[in-house]
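**Q**
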Amino acid sequence: MDGDIAGLVREISQNPAGSTRAAARLMSLLENHPTRIPEVHAEFANWPEPLMVLGITGPPGAGKSTLVDQLVESYRKRHPQRRLGVIAVDPSSPFTKGAVMGDRVRMMRHATDSNVFVRSLASRGHLGGLALGVKGVLRVMGLLQCQLVLIETVGVGQSEMEVAEFADLVAIILAPGQGDGIQLLKSGLMETGDVFVVNKGDREGASQLQSQLRATLNLRTSGRDSHNRSPICVTSALEGKGIAEFLDLLEEQHAKYGDEWIARRQQRFKQEIEQAVLEEAQRRLAETLRTAGIGQDGIAHILQGKTTVSELATRLLHLGAQDTSQHNEGTADERKSEE
Amino acid sequence: MQTANSRARILIGKPGLDGHDRGAKYIVHILRDAGYEVIYTGIRRSPEQIVEAAIQEDVAAVGLSLLSGAHNELFKRVIDLLKARGASDILVFGGGIIPASDIPGLREMGISAVFTPGASAKEITATVDRLLSAPQGA
């Protein structure tokens, strides 16, 4: 695979509407090398950000993909000029690493709409309900000028709530027939929801679920949106019922909290960069430790009481700093010669 | 830049009007068990939808399943559309009720492999493994 992040970023930013292939490749590249995500920014200042990143989560079979499909339809009708992206995550096998990604089956009518970009991701052993690749795909969807990005998680149980980290707003999709009110009292997933959807609203038990949910949410004092009663929408995604009301609700939330969302994303991105810097530093120090040989000698000296871990760490950092400054000069020269 | 965690992605599509996807789902299943990340489109898709999805998903290969007899037309359409989108490096293989006499023509238009009823899971995954590990000309 082509490792040229810079070239792909340039190609996409110059022609966001006509660079589907480049965008798809960049997504793969960042999915396979998540530590390279911060590199995308070298090519492009003022990275475009979506208006809203909406997380769609809930148990398997609750109707998440069908709801996403209807939401895409409804959003495209309401905002014909706007682009939107869908990231659909399905689980990988812990045994074979293989995965079946079937969320697209419900969304294929949008495949030829050039304003809709759907990307499926396999969780690849990641346990929080998402995949490591989500970060990178989200960046690229921003660059593609997507105004709304929907992240559909794997079907979740009670404790996969990583989507709350990436989404501005988390919608929890429930359907009747999946347990009594006690399930709603449990910690974890239920606490992350900003908005709730009772899907399959035409089925028996839907209004009971809705009232149990209302009762539970009225007691809620923890979680991200504790100052606000979380709204509940009743939908029947298969029939397209309740979708317009759900979209109204999302747009209301955007009007209220849009600025907060941007600030939170910036904060998260800072943390991601910090993390990437730490990982890179650790990789380089490990290399220095290996090549400078202070590993073996050092261990012997510690065992003989001649030195301490702290002294060795200081020495390693000194040696690492020398290596690093050489490394930096190297890349600066390379950059000059490229120009 | 292939690493241990970059795995080949394959899209299985059902172009045209036949609604029987037991075979397609079987292929999805065996490729999954062979360690591939497999995206399924569902039934009754147009070649345009399949090609667009393949490009957005950045797959290495597309598998087409077809039982209606329209393979000569619909497989060709997929190959042509991939070419038009500058994506001929995406391999295409196919399977279904396909007369032996049509296979040479399909191979000639650029279908890398054709599987017919009776093909074993082992044969299919071995062929896909081989196709995807061979260096691909653009």
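For the protein sequence lines, the chains are R and A, in the order given.
Each position in the first sequence, counted from 1, maps to that position plus 1191 in our numbering.
Each position in the second sequence, counted from 1, maps to that position plus 16 in our numbering.
Built from N, CA and C at the ideal position, the CB exists for glycine as well.
Using DSSP bridges, identify the partner residues of residue 31(A).
**A** BP columns for residue 31(A) point to 61(A).
**Q** Under the assumption that residue 1168(R) contacts residue 1312(R) (Cβ atoms under 8 angstroms), give the Cβ distance between them as a whole number of angstroms.
**A** The first residue shown for chain R is 1192 and the last is 1530, placing residue 1168(R) beyond what the model contains.
**Q** Would you say residue 1274(R) reaches chain A, if we count a Cβ-Cβ gap shorter than 8 angstroms as a contact?
**A** Not one chain A Cβ lies under 8 angstroms of residue 1274(R).
**Q** Report the neighbours of residue 1302(R) on chain A: residues whose CB is nearer than 7 angstroms to its CB, in chain order.
**A** Per Cβ cutoff of 7 angstroms: 65, 68 and 69.
**Q** Between the beta-carbon of residue 1325(R) and the beta-carbon of residue 1280(R), is there less than 8 angstroms?
**A** In this structure, residue 1280(R) lies closer than 8 angstroms to residue 1325(R) by Cβ.
**Q** Select from the segment 1292-1323 of chain R all residues with a C-beta closer than 7 angstroms to any C-beta belonging to chain A, and list them in chain order.
**A** Taking 7 angstroms as the Cβ-Cβ cut-off against chain A, the residues of the segment 1292-1323 of chain R that qualify are 1292, 1293, 1295, 1296, 1299, 1302, 1303, 1308, 1309, 1310, 1311, 1313 and 1315.
**Q** Terminal residues of the continuous beta strand (DSSP E) containing residue 1387(R)?
**A** Where residue 1387(R) is concerned, the enclosing beta strand (DSSP E) stretches over 1386-1389.
**Q** Are the CB atoms of residue 53(A) and residue 93(A) nearer to each other than 8 angstroms?
**A** Taking 8 angstroms as the Cβ cut-off, residue 53(A) and residue 93(A) do not qualify as a contacting pair.
**Q** Among 1384(R), 1371(R), 1430(R) and 1258(R), which residue has its Cα nearest to the Cα of residue 1402(R)?
**A** Ranking 1384(R), 1371(R), 1430(R) and 1258(R) by Cα distance to residue 1402(R) puts 1371(R) first.
**Q** Taking only beta-carbon positions, decide if residue 24(A) is within less than 8 angstroms of chain R.
**A** Taking Cβ atoms only, chain R never reaches closer than 8 angstroms to residue 24(A), which makes this a no.
**Q** Please list, in chain order, the chain A residues whose beta carbon lies closer than 9 angstroms to that of residue 1531(R).
**A** What is shown of chain R runs 1192 to 1530, which leaves residue 1531(R) out entirely.
**Q** So residue 144(A) contacts chain R; which residues on that side make the cut at Cβ distance below 9 angstroms?
**A** Within chain R, no residue comes near residue 144(A); the closest Cβ sits about 12 angstroms away, beyond 9 angstroms.
**Q** Mapping the DSSP letters down to three states, classify residue 1366(R) as helix, strand or coil.
**A** Three-state DSSP puts residue 1366(R) in coil, outside helix and strand.
**Q** Helix, strand or coil: which one does DSSP assign to residue 1248(R)?
**A** Here residue 1248(R) sits in strand by DSSP.
**Q** Can you list, in chain order, the residues of its chain whose CB lies under 7 angstroms from that of residue 1470(R), leaving out five sequence neighbours each side?
**A** Only 1226 meet the Cβ criterion.
**Q** Between residue 54(A) and chain R, is there a C-beta pair that is closer than 8 angstroms?
**A** It does: the Cβ of residue 54(A) has a partner Cβ on chain R nearer than 8 angstroms.
**Q** With C-beta atoms as the reference, is residue 128(A) less than 8 angstroms away from residue 107(A)?
**A** Contact flag set, yes.
**Q** In the DSSP assignment, find the unbroken beta strand (DSSP E) run with residue 1381(R) in it and report its ends.
**A** That residue, residue 1381(R), is in no beta strand (DSSP E); its alpha helix (DSSP H) goes 1380-1383.
**Q** Does any CB atom of chain A fall closer than 8 angstroms to the CB of residue 1287(R)?
**A** Yes, its Cβ sits closer than 8 angstroms to a Cβ of chain A.
**Q** According to a CB-to-CB cut-off of less than 8 angstroms, which residues of the segment 38-52 of chain A neighbour chain R?
**A** Those residues of the segment 38-52 of chain A that come within reach of chain R (Cβ to Cβ, closer than 8 angstroms) are 44, 45, 47, 48, 49, 50, 51 and 52.
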